[in-house]
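Visitor: Each residue of the sequence shown is one higher than the last, beginning at 614 in the numbering used here. Ideal Cβ placement from N, Cα and C applies to all residues, glycine included. Since the structure is predicted, the reported quantities are computational estimates derived from the model, not experimental observations.
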Amino acid sequence: MTRKRPEPMQVVKQRRDAALNALVSGVPYIRFLNITFDRRGDELTGVLNFDDKLIGNPFLPAIHGGVTAAFLEVTAVITLSWAHLFERIESGDLAPEDILTDENMRFPKTIDFTIDYLRSGLPRDAYARATISRAGRRYASVRVEAWQDHHDKLYAQGSGHFLMPQDPSPES
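Quick look at the structure:
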């Protein structure tokens, strides 16, 4: 019995990047805040690309707290979605164009989300990484950390609980 030859790594990387781009670009608010994601294997790092419109207090200046909260929540939701869809993306069962056009494509819904503001967000790029503490079929728990210059000096952190999207049942 012969095994199926594995796909070239470049093809796999292109499919992963295209799927992540489709997942992120489908949400106008993510585009408005100019949040992008850096993917290394199955790990995602959210990047809040600095823009003057993100400043809440021009006298400090500091990134608006609502922008920080949105950045953390978006990072959590995209990380959960990525983990939820990863096997389908890897197998080729879910194509990037399907993510944009599938009407059944749903994101996890926030049940609650708590933010700890540890220091002011400086007027520069910010980074965030989410860690999934628990992910079941219906419920997930996530922690998110955000930093700017040094990963050891967090400027905000958050934790949240999410209702996971249910896969539509096949019609009988």
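If contacts are defined as beta-carbon pairs under 8 angstroms, then Ala632 and Pro709 qualify, I think. What distance do you get, rounded to the angstrom?
Guide: Translated into the one-based positions of the sequence shown, residue 632 becomes position 19. Translated into the one-based positions of the sequence shown, residue 709 becomes position 96. Sure, about 5 angstroms apart at Cβ, within 8 angstroms.
Visitor: Taking Cβ positions, are Ile648 and Asn634 nearer each other than 9 angstroms?
Guide: The residue you call residue 648 lines up with position 35 of the sequence shown. The residue you call residue 634 lines up with position 21 of the sequence shown. No; because the gap between Cβ atoms is not below 9 angstroms, this pair is not in contact.
Visitor: Does the region 687–697 come into contact with the region 735–750, if we say contact requires no fewer than three beta-carbon pairs (one atom in each stretch) closer than 8 angstroms?
Guide: They touch, by the three-pair rule.
Visitor: What's the C-alpha gap between Thr681 and Lys617?
Guide: Here residue 681 corresponds to residue number 68 of the sequence shown, with the count starting at 1. Here residue 617 corresponds to residue number 4 of the sequence shown, with the count starting at 1. Approximately 46 angstroms between the Cα atoms of the pair.
Visitor: Does the distance from the C-beta atom of Arg737 to that of Met777 stay below 9 angstroms?
Guide: In the sequence shown, residue 737 corresponds to position 124, counting from 1. In the sequence shown, residue 777 corresponds to position 164, counting from 1. The answer is no: Cβ separation not under 9 angstroms.
Visitor: Less than 6 angstroms between C-beta atoms, sequence neighbours within five positions excluded: which residues of the same chain meet that for Ser785?
Guide: Locating residue 785 in the sequence shown gives position 172, counting from the first residue. Caution applies to Ser785, whose pLDDT of 40 falls short of 50 and renders its modelled position unreliable; the model cannot decide the point.
Visitor: Jot down the residue ranges of each uninterrupted beta strand (DSSP E) in the region 748–781, minimum 3 residues, whole runs only, in chain order.
Guide: Here the runs fully enclosed are 752–760, 767–776.
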